[in-house]
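Let me begin by presenting the structure, written as structure tokens, before commenting on it.
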Amino acid sequence: MIEPIVRPRRKNPLLRTRLPTSPPHARSRASHGFTRAAAEGRFMLQRCGACGTFCYPARDACPECLSADLVFADAPRRGTLLSETTLHIPADVHFRERAPWRIGLVAMECGPRLVTHLHADCEEGRPVVMSFQLDKSGQAVAFAHPERETPNMADDRQWREMTADPKFRRVLVTNGRSIVGQEMVAALKAAGASIVFVGIAEPWKPFRGEDVLRALEGVEIVPLDIGDEKSVADLAADIGGKVDILVNTAEHVRSGGLLDRQGTSVVRDEIDQSYLGFVHLAQAFGPAMRMRGADGVNSAVAWVNILSVYALANWPVFGAYSASQAACLSLSHCLRAELRPGGVKVVNVFTGPLDVEWFQTVPPPKVAPRAVATAIVSALKRGLEDVFVGDVAEDIRQRLAANPKAVERELGA
Amino acid sequence: MQNSIRTPYDRVVMAVPVTIPYVRYSIESAQWWIGRALKALVDGAGITPRDIDGFCVSSFTAGLDSGISLTQHFGLCVRWIDTIPLGGASAIAALRRAARAVQAGDARIVACVAGDTNHVDSFRYTLENFSRFNQDAVYPYGAGGANASFALIARNYMRTFGARREDFGKIAVAQRSNALRNPDALMKAPLTLEQYMSARPIADPIHLFDCVMPCAGAEAFLVMSEDVAASLKRPAAKILSTIERHNAFGDDPVQVRGGWAVDVDELYAMAGVKPDDLDFVQTYDDYPVISMMQFEDLGFCRKGEGPDFVRQHDLTIDGTFPHNTSGGQLSVGQAGAGGAYLGVVEALRQVLGQAGPTQVRDARIGLASGFGMINYDRGLASGAAILAGPGS
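Chains as they are written, first to last, in our numbering: chain A, -10 to 402; chain B, 883 to 1274.
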């Protein structure tokens, strides 16, 4: 039975902030199959193409038949907790300061045995449901959940180390003028965020939804124009030490590619608003977040980018926009690496065209802004890193996995 | 009793048991410790380094050096060499390989050595770099070495077979009482069952006195023919039989037995003795539960009867079942791969009558076993040997 976590009190500024530490991060190359699975919230094990055996840990040959045809495949999640132990004196700094810490050995119904972190409600001899999670080092670990939902399940101490749950956390949503931004605020409040700071550029200009936003309790409108380095720095100086989750809802969408545009001013705008805006935010807020990765219940945990799925494959109808998104995607991997020592996740949410005015001429299916917000909160609660929202994004993901060249030709047709 | 089809180790013997006394931490290198052991072997045998023509070494902390680099380091010119990375099963494996080399004439005098240093950060380095499965699927869980893995095994064993902590405690307490007679043991203070029971938990049900203390040290022995031993005028022990088995019973959901159980009949058949004939037993005691498992798998009782066996026997030097007479790793310390050799070298001393304060009276035949390499969820390597003194 999990005790619900309590809202943290105001931080004592005289106390030293506990610095983040990483659990052991070294992995074999094959083992990163689990990293991929964890990033997307899938449960995958290696399965032998020749004899069908599931195996674990990651191997380079099947232990039944020695075939090298081992592929990561979605696997049944159920198993039984065979044995458990509570670590009181772990050797490693990260776990020592989190002790007691509970782990166990699970026999999967599909065969292999997994050493795993345990949710507190898992009982020895009872069925469990497995997932792979990204731990504070950013690498995949196995995690056992009780078979059925239990009270205050998400507040489990060990589970919360794996997730970026918004409950009792303080969030900056960078653009409150957009519908996505406003939906984001509502979803985060519903998920228990204690404060949502909402960035508004040029706040004296009224905008649709402003009244609703201002009426929400625990929502604070702050001046922020991410294209303006000073504006970003000023806000960071004010609230940078209390941003636990940053959701970049910057939205700068213009149609057009290369040859039908005159000059570079539109392209420059796209780069300023999307790419340089990201740079400004990262430089202003990233360092403090990285320092605060172990700062209690409301430690810094996640940075969320909303990216067009066309960051992965250029859609010439929005060709320059696609390129600006690709630049942001590349930069997100840099940010991910640089935030990793703090245990702060970088969540990339890929969407197809949104159901907003800038995609007016694009035929459906389009993604409802609320669906993006819902997906982001779900990703934070589950501790995911790569999320595809909507049918178009999922379609592109699958087609890229099958044949990227086909995607290029077909998007350019 | 079944007959063995294996070739006996006729006229092959072990001699010159060497222990370089352990220290908790050392600023010296593994090479330094191995060098001290080689020097003690040479001095003990009355030979020169040039007389050693076979070299077998085990170490976790020798860095980039395997046996071949060490030949140049120590000025050895050998015609037979082996580097054995089997952890706690290294000594049995070394003995087996060296004995066959001598028997076949591939080497005349083989030095078998294990040595490890223990810098303040050695243990962590060994943990981090133990094996790929360990790195991928155990170490990231905060396991902190083997404690967590053996906790999972011990807990399952307790539940399945009704072992209690007191039973494990009896093993540890008896070994401490043995260790108090061994001047080289790192643990100098008596241990009571009450102290054992009230020790701080490390990883339930593993508590402090279930764990070995990592330390620096070296152990060694020589393998040669009976004739060479006689010419050197050194007492020598016969190798009656040996077994070795790796990755056995992989389908057992949790480890409840080791590879010994596969080959135990062969062990006694080749030796031509029964478990009752043994005067002492040196098990591999990285945790008491593993010693208890060996009592079963090495034929002293049936599977599941380990707890009762322990309750019914006195495991001290003068007891009904002298066990880990030096104090074992639990009380002497675990000098890396030297831990594999500790029981084997002590067994050699016992059958030679050279064990001094820990000598079992009239010990003629004894058993030593090894266990090692908890790669993922279980120990993979196992082995055992039965030795006999010169008079038997």
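The beta carbon of each residue, even a glycine, is placed where N, CA and C say it ideally should be.
- Between the segment 965 to 983 of chain B and the segment 1261 to 1272 of chain B, the count of Cβ pairs shorter than 8 Å is three or higher; the stretches touch.
- The three-state reading of DSSP puts VAL256(A) in helix, counting H, G and I together.
- Listed by position along chain A, the residues whose Cβ is nearer than 8 Å to that of GLN913(B) form an empty set, because the closest Cβ is around 25 Å away.
- Shown here, TYR904(B) sits in a strand according to DSSP, grouped into three states.
- Straight through space, the alpha carbons of PHE1177(B) and ARG1058(B) are spaced by roughly 19 Å.
- Residue burial is scored here from C-beta neighbours: LYS334(A) has at least 16 other C-beta atoms within 10 angstroms and is therefore classed as buried.
- For the alpha helix (DSSP H) assignment, the uninterrupted runs of no fewer than 4 residues enclosed by the segment 1108 to 1163 of chain B are, from N- to C-terminal side, 1108 to 1114, 1142 to 1153.
- At a Cβ-Cβ threshold of 8 Å, ILE1247(B) and SER1274(B) count as neighbours.
- In the three-state reduction of the DSSP assignment, PHE61(A) falls in the strand class, which pools E and B.
- For the segment 97 to 108 of chain A, the set of positions with a beta-carbon nearer than 7 Å to some beta-carbon of chain B reads ARG102, VAL104, HIS106 in chain order.
- Against PRO1117(B), chain A offers no close residue; the least beta-carbon distance is about 42 Å (beta-carbon pairs closer than 9 Å).
- Spatial neighbours of VAL118(A) in its own chain (CB-CB distance under 7 Å, excluding positions within 5 residues in sequence) are listed in chain order as ARG66, ARG67, HIS134, GLU136.
- In this structure, the alpha-carbon of GLY207(A) lies about 37 Å from that of THR105(A).
- Interface annotation, PHE1015(B): in contact with chain A, CB-CB separation under 8 Å.
- Interface annotation, GLU1010(B): in contact with chain A, CB-CB separation under 8 Å.
- Between VAL1055(B) and THR1074(B), the C-beta spacing is below 8 Å.
- Only those residues of the segment 1029 to 1044 of chain B whose C-beta falls short of 7 Å from the nearest C-beta of chain A are listed: ALA1030, ALA1033, LEU1034, ARG1037, ASN1038.
- TYR1150(B) is a Cβ neighbour of PRO1157(B), given a cutoff of 8 Å.
- Residue-level contact by beta carbon holds for PHE84(A) and chain B, with a gap shorter than 8 Å.
- Look at HIS83(A) here: in three-state DSSP terms it is helix.
- With contacts defined as CB atoms closer than 8 Å, VAL396(A) and ALA368(A) fail to qualify as a contacting pair.
- The Cβ-Cβ distance between LEU1068(B) and GLY1215(B) falls below 8 Å.
- Interface criterion met: the Cβ of PRO46(A) is under 8 Å from a Cβ in chain B.
- For PRO12(A), at least one C-beta of chain B is nearer than 8 Å to its own C-beta.
- Around VAL1020(B), the beta-carbon contacts reaching into chain A at under 7 Å are VAL104.
- In chain order, THR74, THR75, LEU76, HIS77, ILE78, PRO79, ILE92 make up the part of chain A whose C-beta sits under 9 Å from the C-beta of ALA1085(B).
- Counting along the chain, the unbroken beta strand (DSSP E) around GLY1261(B) starts and ends at 1261 to 1270.
- With 16 or more other CB atoms across the displayed protein chains lying within 10 angstroms of its CB, GLU150(A) is buried.
- Rounded to the nearest angstrom, the Cβ distance from SER11(A) to LYS125(A) is 6 Å, consistent with a contact under 8 Å.
- Here DSSP, grouped into helix, strand and coil, assigns PRO13(A) to coil.
- Identification of residues in the segment 115 to 142 of chain A having a C-beta nearer than 9 Å to some C-beta of chain B yields ASP124, SER126, GLN128, ALA129, VAL130, ALA131, given in sequence order.
- DSSP places CYS44(A) within a strand segment (E or B) once states are collapsed to three.
- ILE215(A) sits away from ILE189(A), with the two beta carbons spaced by 8 Å or more.
- Using beta-carbon distances, ALA15(A) counts as an interface residue toward chain B, with a partner under 8 Å.
- Using a Cβ-Cβ cut-off of 8 Å, TYR1007(B) does not count as an interface residue toward chain A, since no Cβ of chain A sits closer than that to its own.
- For VAL160(A), the enclosing beta strand (DSSP E) has its first and last residue at 159 to 162.
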